[in-house]
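Chains as they are written, first to last, in my numbering: chain A, 66 to 339; chain B, 69 to 502.
Single-structure report; data block below.
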């Protein structure tokens, strides 16, 4: 498919959206909250399934990513949800999608109040210019959604290199940064060296290279879950995840990555309250 | 509207009959202004100098003022060759004699401190206000001080970036000269986008050439905030064939991203907490458009300047055109060659608009030559046009040097690179570039 063809499809869709928006305005008396729900998630099955019949709130959730990426192979994306992260009101899950990737799912993270802060960063693969979508669900049944457009170009002087091959397969890296102020959660950086083979590439003989990805990641504090994540093939090679943890006592943070073959990598870090 | 039409007619007349005839048809100061529109250009690098020259070439009756603090402009391209002792420093310096003497550009060696887009006026550092009809900004890049913890303007006096050619380049060179044999040179490279994508990789090659010649037991560590880079395979082949294992590249995923710098101890700390201590530390920090762009209100939240692709007029402010590294022109890279061709498009668009014509359809070209060793050059090239209102590479137009190539091929590319520099120096400043 050419870029030209894709642009045409996109502009047609935009017109549809505009027409739909006009329609919404016309029946604003009947559905005053309709505009809140408008967003690219409406056009994505996986996102609609998550939202169900609720009207997502588009405030209190923020996506940070560049306006333009000159190399779509590892784009930094951060999502922040305003939440007290207490036992009776916390963000239960955060989901990231790229609506024009071959498979839109990027990441799905289940959180517990032990995370202390509903804020994640990762690095994603973006096949072309598109919207990145974040959806969050809270323990009180609220659904939040936001989206941002990003333009992806492969710039001159930047030939997209093969970043699939990593000499250090399943090497893990962890860094815990103590909080700047008492009572704040600590920041945790995690990375595992892994090609995140998409299953969409061909080898030199022209045969498809089978999909092989890290598909699960889990963080436990003294045995209790902090977060559990599903990683998808739209996550960049060498999956990176930044999250938070708020321990009440000094303890051990145990991290587990699982490959879809069942292979496991583990790491531990000591952690103390802020 | 009437004034506008008169102005266009005046220009047409000027083009046809010369200034005397046109001025004779009207009288008074208002007409004098209308008869000689004024273009102000800020920045005298590849973009600004080219814009000033090509506006004059297309219509000598347009008044052009170039504001550039330096009386001699030193280019980033080929400054790495000075580090490798393959060039004299003065060979990458360029003056403004041709612009002033041959093309009649008014050259002011001062800083532009502010732009008032409503009054259409530029404030210089000596407090002068200069009115413009069209403004061209070619401000290059500024460093994002503090983006890496501990790396500010003061730190750059000890751990230079040398990403603007001049005193910083000479400082880095003198530090390399003072380094003992067996020392460690560390270069920290930023994530995209930044000025000159292949620059850090050519730089370590040129430093390696210097060290191989004078201090062969030394090592080079390239700590990178990226997992891949421009002409990667060609660079890695070249580094290995020319310098053995002298150069070690650490990618983002192998903890190459520098997050903290201690310029006093020349120590750096990476994302996952690894510490490295350098003997000479070269930090290339994240960058943004030169400050005058932000003051003119043409930057977006990224710190760079979005432009209308067909003319490179600011997407945010009318009558301000922006060229070069400051712009968001992807997929065109931030290179001197791109700034030069963007400036020609801007010159054509400005002259056409002032003469009451539609700007012509643009096309741009770029080649980035990199030198790995004397007689060992590589390149990447592309041609760009506008498709669906966006800049796109013409399919199949460019390419990179082949991975497998005889020595004679690399030698020819090294020669082409030197010829390119001479040619673009001549095109931009009328200088020899040798």
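Ideal placement from N, C-alpha and C gives every residue a C-beta, glycine not left out.
Whole-Å CB distance - residue i paired with residue j, under 8 Å assumed
i                     : j                     : result
residue 318 (chain A) : residue 286 (chain A) : 6 Å
residue 149 (chain B) : residue 120 (chain B) : 27 Å between Cβ atoms; not a contact.
residue 320 (chain A) : residue 185 (chain A) : Their Cβ separation, rounded to whole angstroms, is 15 Å, which puts residue 320 (chain A) and residue 185 (chain A) out of contact at 8 Å.
residue 325 (chain A) : residue 278 (chain A) : 6 Å
residue 282 (chain A) : residue 294 (chain A) : 4 Å
residue 360 (chain B) : residue 183 (chain B) : 7 Å
residue 340 (chain B) : residue 240 (chain A) : 5 Å
residue 130 (chain A) : residue 160 (chain A) : That belief does not hold up - the Cβ atoms of residue 130 (chain A) and residue 160 (chain A) are roughly 15 Å apart, past 8 Å.
residue 466 (chain B) : residue 449 (chain B) : 4 Å
residue 208 (chain A) : residue 121 (chain A) : 5 Å
residue 457 (chain B) : residue 374 (chain B) : The Cβ separation is near 13 Å, so there is no contact.
residue 233 (chain B) : residue 147 (chain B) : 4 Å
Residue i CB to nearest heavy atom of the ligand ADP below 8 Å
i                     : result
residue 273 (chain B) : This structure simply doesn't include the ligand ADP, nor any ligand for that matter.
Residue-level contact to chain A via CB, residue i, 9 Å cutoff
i                     : result
residue 350 (chain B) : no
residue 294 (chain B) : yes
residue 363 (chain B) : no
residue 399 (chain B) : yes
residue 313 (chain B) : no
residue 260 (chain B) : yes
residue 373 (chain B) : no
residue 341 (chain B) : yes
residue 431 (chain B) : no
residue 439 (chain B) : no
residue 109 (chain B) : no
residue 396 (chain B) : yes
residue 166 (chain B) : no
Spatial distance of residue i from residue j (CA atoms)
i                     : j                     : result
residue 191 (chain A) : residue 166 (chain A) : 6 Å
residue 142 (chain A) : residue 328 (chain A) : 27 Å
residue 224 (chain B) : residue 353 (chain B) : 10 Å
residue 335 (chain A) : residue 257 (chain A) : 19 Å
residue 462 (chain B) : residue 248 (chain B) : 48 Å
residue 145 (chain A) : residue 183 (chain A) : 6 Å
residue 179 (chain B) : residue 476 (chain B) : 46 Å
residue 109 (chain A) : residue 323 (chain A) : 27 Å
residue 356 (chain B) : residue 108 (chain B) : 22 Å
residue 280 (chain B) : residue 286 (chain B) : 8 Å
residue 314 (chain A) : residue 164 (chain A) : 41 Å
residue 485 (chain B) : residue 296 (chain A) : 45 Å
residue 125 (chain B) : residue 226 (chain B) : 44 Å
residue 213 (chain B) : residue 229 (chain B) : 11 Å
residue 337 (chain A) : residue 250 (chain A) : 10 Å
residue 320 (chain B) : residue 139 (chain A) : 10 Å
residue 310 (chain A) : residue 217 (chain B) : 23 Å
residue 151 (chain B) : residue 278 (chain B) : 7 Å
residue 274 (chain A) : residue 298 (chain A) : 13 Å
residue 122 (chain B) : residue 240 (chain B) : 35 Å
Any C-beta of chain B under 9 Å from that of residue i
i                     : result
residue 149 (chain A) : no
residue 344 (chain A) : Past the edges of chain A, shown from 66 to 339, lies residue 344 (chain A), and the structure says nothing about it.
residue 135 (chain A) : yes
residue 308 (chain A) : no
residue 258 (chain A) : yes
residue 83 (chain A)  : At residue 83 (chain A) the pLDDT is 40, less than 50, meaning the model places this residue with poor confidence; the figure from the coordinates comes in the next sentence. So, not an interface residue.
residue 302 (chain A) : yes
residue 240 (chain A) : yes
residue 138 (chain A) : yes
residue 244 (chain A) : no
residue 218 (chain A) : yes
residue 131 (chain A) : yes
- [ ] State whether the region 381-395 of chain B contacts the region 366-373 of chain B, with contact taken as three or more CB pairs (one from each stretch) at a distance under 8 Å.
- [x] yes
Open item on the list: Pairs of beta-carbons, one from the region 202-219 of chain B and one from the region 302-313 of chain B, closer than 8 Å: are there three or more?
Closed with: no
Task: the region 280-297 of chain B / the region 310-327 of chain B touching (three or more Cβ pairs under 8 Å) - done: yes
Open item on the list: Under 8 Å: do the region 100-117 of chain A and the region 205-217 of chain A share three or more Cβ pairs, one atom per stretch?
Closed with: yes
- [ ] Mind listing, in chain order, the continuous alpha helix (DSSP H) runs of no fewer than 4 residues lying wholly within the region 97-135 of chain B?
- [x] 97-103 and 114-126
Open item on the list: Below 8 Å, how does it come out for the region 173-193 of chain B and the region 406-418 of chain B: are there three or more Cβ pairs, yes or no?
Closed with: no
- [ ] Would you check if the region 107-123 of chain B and the region 389-409 of chain B touch, i.e. whether three or more CB-CB distances between them fall below 8 Å?
- [x] yes
TODO: Report yes or no: do the region 426-442 of chain B and the region 477-484 of chain B share at least 3 C-beta pairs separated by less than 8 Å?
DONE: yes
TODO: Kindly confirm or deny that the region 270-281 of chain B and the region 332-340 of chain B touch, where touching means at least three C-beta pairs closer than 8 Å.
DONE: no
Open item on the list: Counting beta carbon pairs with one atom in the region 248-266 of chain B and one in the region 394-406 of chain B, are three or more of them shorter than 8 Å?
Closed with: yes
Open item on the list: Whether or not the region 214-229 of chain B and the region 126-145 of chain B are in contact is what I'm after, with contact meaning three or more pairs of Cβ atoms, one per stretch, closer than 8 Å; do they touch?
Closed with: no
Task: Sufficient close CB pairs (3 or more, under 8 Å) joining the region 489-500 of chain B to the region 154-162 of chain B - done: yes
Open item on the list: Extract the residue ranges of the beta strand (DSSP E) inside the region 126-188 of chain B, only unbroken runs of 3 or more that lie entirely within it.
Closed with: 131-135, 174-176 and 180-184
TODO: Report the residue ranges of all beta strand (DSSP E) runs contained in full by the region 139-212 of chain A; include only those spanning at least 3 residues, in chain order.
DONE: 140-146, 156-163, 170-176, 184-189 and 195-203
Task: Minimum length 3: unbroken beta strand (DSSP E) runs contained in the region 237-316 of chain B - done: 252-257 and 287-292
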